[in-house]
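A short write-up of the structure that comes next.
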Amino acid sequence: MAEVSTRRLLWWLLEGTRGGPTRVKILRAITAKPLNAHQLAKELGMDYTTIRHHLDILVKHGVLEVVGEEYGAVFYLSGWLSKGEVIGEILDESRKK
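For the sequence shown, the numbering used here assigns the number 5 to the initial residue and increments by one for each residue that follows.
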């Protein structure tokens, strides 16, 4: 049951909302290596404020965890998420679009 609700949450965050494509890019980057908001903005060529907004949403819903505070805070996939295959499946599916 938990996997079903996880899958629904991720699909909603990544496919069912207007900001989904940006969140997919962020998750792909963080899956490769943990980064802070400034590094993400630079790597993705996006505005820092936009990146912060999407990071805050992903943290609020438990998709990402934060280590550190403020400017230098580094973002990681949440432990429960990095252990499962659901995130990989969803990111792969998003790549096909």
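By construction, the Cβ of each residue, glycine as well, lies at the ideal position given by its N, Cα and C atoms.
- Going by beta carbons, Arg56 and Ala41 fall inside the 8 Å limit.
- In this model, Leu48 and Ile30 are separated by some 8 Å (Cα to Cα).
- Sixteen is the threshold: when 16 or more other Cβ atoms of the shown chains lie within 10 Å of the Cβ of Val67, as they do, the residue is buried.
- Between the alpha carbons of Phe79 and Leu59 lies a distance of about 8 Å.
- Across the structure, Val71 and Leu39 are spaced so that their CA atoms are roughly 10 Å apart.
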